[in-house]
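Enquirer: Chains B and Z supply the protein sequences, listed in that same order.
When we follow our numbering, the leftmost residue of the first sequence carries the number 9, and every step to the right adds one.
When we follow our numbering, the leftmost residue of the second sequence carries the number 9, and every step to the right adds one.
Can you keep this structure in mind? I'll have questions shortly.
2 protein chains.
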Amino acid sequence: MDAMLQDRLVPHMECGGCPIRHRAVCARCDSEELETLEKLKYYRRFEAGQTVIWSGDRMDFVASVISGIATLTQTLEDGRRQMVGLLLPSDFVGRPGRAIATYDVTATTDLVMCCFRRKPFEEMLIKTPHVAQRLLEMTLDELDAAREWMLLLGRKTAREKIASLLAIVARRDASLNLRETAGKASVELPLTREEMADYLGLTLETVSRQISALKRDGVIRLHGKRLIEIPDYRRLLEEAGDDSDGGIPA
Amino acid sequence: MDAMLQDRLVPHMECGGCPIRHRAVCARCDSEELETLEKLKYYRRFEAGQTVIWSGDRMDFVASVISGIATLTQTLEDGRRQMVGLLLPSDFVGRPGRAIATYDVTATTDLVMCCFRRKPFEEMLIKTPHVAQRLLEMTLDELDAAREWMLLLGRKTAREKIASLLAIVARRDASLNLRETAGKASVELPLTREEMADYLGLTLETVSRQISALKRDGVIRLHGKRLIEIPDYRRLLEEAGDDSDGGIPA
DNA sequence: GCAGCCCATTGATCTGCGTCAAGGCAGGCC
DNA sequence: GGCCTGCCTTGACGCAGATCAATGGGCTGC
Chain B
9 MDAMLQDRLV PHMECGGCPI RHRAVCARCD SEELETLEKL KYYRRFEAGQ
59 TVIWSGDRMD FVASVISGIA TLTQTLEDGR RQMVGLLLPS DFVGRPGRAI
109 ATYDVTATTD LVMCCFRRKP FEEMLIKTPH VAQRLLEMTL DELDAAREWM
159 LLLGRKTARE KIASLLAIVA RRDASLNLRE TAGKASVELP LTREEMADYL
209 GLTLETVSRQ ISALKRDGVI RLHGKRLIEI PDYRRLLEEA GDDSDGGIPA
Chain Z
9 MDAMLQDRLV PHMECGGCPI RHRAVCARCD SEELETLEKL KYYRRFEAGQ
59 TVIWSGDRMD FVASVISGIA TLTQTLEDGR RQMVGLLLPS DFVGRPGRAI
109 ATYDVTATTD LVMCCFRRKP FEEMLIKTPH VAQRLLEMTL DELDAAREWM
159 LLLGRKTARE KIASLLAIVA RRDASLNLRE TAGKASVELP LTREEMADYL
209 GLTLETVSRQ ISALKRDGVI RLHGKRLIEI PDYRRLLEEA GDDSDGGIPA
């Protein structure tokens, strides 16, 4: 689209920010396909707080997150909300073959997405198998993440839930190389207490209390409300009840 | 494999029971591919109660469930368990591209699976794009189901959880045409109270109490321990807190 | 400066579900 | 028959986290 917008994109991937484009095209290069994709895509910006898509809406595009953070939520009639996805840069949004959105998608920070018109994207999927392959891998990863969350929601205590959330965001942050505070991990928490509560199946009061408790016990340090420093990542993982060592080096 | 075994297969799909074979080959027919798949596959039987695969095991096949029911579970170090998948006939097991299992797979009834050696299956995926497409669709469906479960685990009450489980199993049953008790829906519950508890993030005592309560209130009727009759499916859905009308006709 | 807003914190109390414990029932084996 | 074992039910009690409520702190706009 316009050059001004493109300039603002965080270049978190070698290939211009879009993982579909990146993986589909650059990794197994073919200029003809690149051409196709370039015609397909356009960037869209959303402001923090804006609900991008309402559940039940018609949805004529699929997209991948370029920068910013969005959430996927489901709501019961009486208003109980559960977040079912946290979309960080490089995550995929939408579902090929489905015209109606099944979740609310909300921007929690300013958000840029790289969108593909759904119909032509689906046709491209059929024509270029390795894009479908890549999408399959991404979906399988998401499924694993969802199952990890099911364990968290069903069996972990409030304290473990908070620690798990921090650990996961820290891990994702690190793997995107967004933040390396000289050895010490720290997380810019992109969520309000209420959003964290919606993610964890808790109330915002409990979230606040448990964060205070973790702080009191020296597991984390707070700088302001959102920036959380993790002096000892292993300690955090223990608190999370996770045995997997998660993949942050030091 | 042997004819005796094949004879026992529930023919729940037009094409011999295996959804991969069915959808990959018969739906968009091509005798050469059929040939390939026939060479790839073999059937395996497991007894009820047997853990088929342990998390961490090497896993050199992927499979689809032909008959019987299996569960996917995750366990924390201290023994807390959470079921993260319920595998009914036609469901897919395993993950292309991954050699190590991440969940325990347990047969809760006698189980027959149609297995494909992983490596050749992966190669076949690359060569026959529409199988990958089909697998993508199935994975996306599973992801939706997982997210539905996240809502259940995070926000529903014990009573709603039980009602939801019954509704979902009834729906799946109906869509497989396994059971039509003359207008009235009824569910052969394939799980012990403890397994239900593991699925729902509850204890077995709470499951038992809530089933008793639903029975007392006339929402369900029990015939023995496992066969559950649902006199009014809509009523059950209301109890489940679900607004979606689920797709069982009457 | 002050008002108004949003978000976070903390306290007091309540409650749904977990925990512990005591049977009950059906099937298999001696 | 009698015993055992696996599964389920029911009761009594306690606690983690929900609910209700008050306060504080930072930001924006006047």
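Ideal Cβ positions, reconstructed from N, Cα and C, are used throughout, including at glycine.
Closer than 7 Å, Cβ to any Cβ of chain B: which residues of the segment 150-161 of chain Z, in chain order?
Expert: Of all residues in the segment 150-161 of chain Z, Glu150, Leu151, Asp152, Ala154, Arg155, Trp157, Met158, Leu159, Leu161 have a Cβ within less than 7 Å of some Cβ in chain B.
Enquirer: Measuring straight from C-alpha to C-alpha, what distance separates aspartate 118 of chain Z and arginine 179 of chain Z?
Expert: So the alpha carbons of these two residues sit roughly 22 Å apart.
Enquirer: Would you say glutamate 131 of chain B reaches chain Z, if we count a Cβ-Cβ gap shorter than 8 Å as a contact?
Expert: Closer than 8 Å: no.
Enquirer: Quick one: which chain B residues come within Cβ less than 7 Å of arginine 229 of chain Z?
Expert: The contacting residues do not exist; arginine 229 of chain Z stays about 27 Å from chain B at best.
Enquirer: Using a Cβ cut-off of 7 Å, pull out every chain Z residue sitting near valine 92 of chain B, in sequence order please.
Expert: Residues of chain Z passing the Cβ test: Arg155, Met158, Leu159.
Enquirer: Output the distance between the C-alpha atoms of lysine 223 of chain Z and alanine 205 of chain Z, rounded to the nearest integer angstrom.
Expert: Rounded to the nearest angstrom, the two C-alpha atoms are 18 Å apart.
Enquirer: Tell me the rounded alpha-carbon separation between tyrosine 111 of chain B and methionine 67 of chain B.
Expert: Whole-angstrom Cα-Cα distance: 11 Å.
Enquirer: So with Cβ pairs under 8 Å, would you call alanine 140 of chain B a contact of chain Z?
Expert: It does: the Cβ of alanine 140 of chain B has a partner Cβ on chain Z nearer than 8 Å.
Enquirer: Which same chain residues end up closer than 6 Å to glutamate 168 of chain B when comparing Cβ atoms and leaving out the 5 residues on each side of it in sequence?
Expert: Excluding sequence neighbours, glutamate 168 of chain B sits near Ala248, Gly249.
Enquirer: According to DSSP, simplified to helix, strand and coil, what is leucine 210 of chain B?
Expert: Leucine 210 of chain B falls in the coil class under three-state DSSP.
Enquirer: Compare the C-alpha of alanine 175 of chain B against each of B:Glu202, B:Leu212, B:Trp62, B:Pro239 and name the closest.
Expert: Cα-wise, what sits closest to alanine 175 of chain B is B:Pro239.
Enquirer: Output needed for cysteine 37 of chain B: all residues of its chain with C-beta closer than 8 Å, excluding positions within five of it in sequence on either side, in chain order.
Expert: The pLDDT assigned to cysteine 37 of chain B is 37, lower than 50, so where the model puts this residue is not dependable; a value taken from the coordinates is nonetheless given after this. Cβ within range, chain order: n/a, list empty.
Enquirer: Could you name the residues of chain Z that leucine 174 of chain B contacts, counting a contact when the two beta carbons are closer than 9 Å?
Expert: Per Cβ cutoff of 9 Å: no residues; leucine 174 of chain B is ~18 Å from chain Z at best.
Enquirer: Can you give me, in chain order, the residues of the segment 95-125 of chain Z that have a beta carbon less than 9 Å from any beta carbon in chain B?
Expert: Those would be Arg103, Pro104, Gly105, Arg106, Thr110, Tyr111, in chain order.
Enquirer: List, in chain order, every chain B residue whose beta-carbon is nearer than 8 Å to that of threonine 147 of chain Z.
Expert: Within 8 Å Cβ-Cβ: Leu144, Thr147, Leu148, Leu151.
Enquirer: Just how far apart, CA to CA, sit isoleucine 74 of chain Z and leucine 94 of chain B?
Expert: Isoleucine 74 of chain Z and leucine 94 of chain B: Cα-Cα distance of roughly 34 Å.
Enquirer: Classify alanine 32 of chain Z as helix, strand or coil using the three-state DSSP reduction.
Expert: For alanine 32 of chain Z, the predicted model reports a pLDDT of 40, less than 50, meaning its position is unreliable; a value from the coordinates is still stated below. Residue state, collapsed to three classes: helix.
Enquirer: Along the chain, where does the beta strand (DSSP E) that runs through alanine 115 of chain B open and close?
Expert: Its beta strand (DSSP E) spans residues 112-115.
Enquirer: Cβ of leucine 244 of chain B less than 8 Å from any chain Z Cβ?
Expert: By this cut-off, leucine 244 of chain B is not an interface position.
Enquirer: Here's a check: name, in chain order, each residue in its chain whose Cβ is nearer than 7 Å to the Cβ of arginine 243 of chain B, leaving out the five neighbours to either side.
Expert: For arginine 243 of chain B, where only same-chain residues beyond five positions count, the Cβ hits under 7 Å are Val227.
Enquirer: Going by C-alpha distance, which of B:Glu156, B:Asp152, B:Ser216 is nearest valine 101 of chain Z?
Expert: Of the listed residues, the one whose Cα sits closest to valine 101 of chain Z is B:Asp152.
Enquirer: From the DSSP output, in three-state form, read off glycine 191 of chain B for me.
Expert: Note on glycine 191 of chain B: pLDDT 49, under 50, position unreliable in the model; no value is reported.
Enquirer: Determine the closest residue to histidine 231 of chain B out of B:Arg53, B:Gly209, B:Glu196, with distance taken between C-alpha atoms.
Expert: Checked all of B:Arg53, B:Gly209, B:Glu196; the closest Cα to histidine 231 of chain B is B:Glu196.
Enquirer: Using DSSP with H/G/I as helix, E/B as strand and the rest coil, what is serine 72 of chain B?
Expert: Reduced to three states, the DSSP call for serine 72 of chain B is strand.
Enquirer: Would you identify the three-state DSSP class for arginine 89 of chain Z, choosing helix, strand or coil?
Expert: Arginine 89 of chain Z falls in the strand class under three-state DSSP.
Enquirer: Whole angstroms is fine: what's the gap from glutamate 246 of chain Z's alpha carbon to tyrosine 241 of chain B's?
Expert: Looking at the two C-alpha atoms, the distance is approximately 44 Å.
Enquirer: Go to glycine 61 of chain B, then tell me how far its alpha helix (DSSP H) extends in each direction, as first and last residue.
Expert: Per the sequence presented here, residue 61 of chain B reads as isoleucine, with glycine not at that position. Taken as a continuous stretch (DSSP letters only), isoleucine 61 of chain B belongs to no alpha helix (DSSP H), being part of the beta strand (DSSP E) at 59-61.
Enquirer: Quick one: what's got a C-beta closer than 6 Å to leucine 235 of chain B's C-beta in the same chain, skipping five residues either side?
Expert: Glu196.
Enquirer: If you reduce the DSSP assignment to three classes, tell me which class threonine 165 of chain B lands in.
Expert: Threonine 165 of chain B falls in the coil class under three-state DSSP.
Enquirer: Please list the partners that proline 137 of chain B has in chain Z, where partner means a Cβ-to-Cβ separation under 8 Å.
Expert: Going along chain Z in sequence order, the residues near proline 137 of chain B (Cβ under 8 Å) are Ile134, Pro137, Ala140.
Enquirer: Quick one: using the 10 Å Cβ neighbour count with 16 as the cut-off for buried, is aspartate 57 of chain B buried or exposed?
Expert: A small fix is needed here, since residue 57 of chain B is glycine in this sequence, not aspartate. Its Cβ having fewer than 16 others within 10 Å, glycine 57 of chain B is exposed.
Enquirer: For the beta strand (DSSP E) holding leucine 80 of chain B, just list the boundary residues, first then last.
Expert: Start and end: 78-83.
Enquirer: Would you be able to state if there are at least three C-beta pairs under 8 Å between the segment 77-89 of chain Z and the segment 143-163 of chain Z?
Expert: No, they do not touch.
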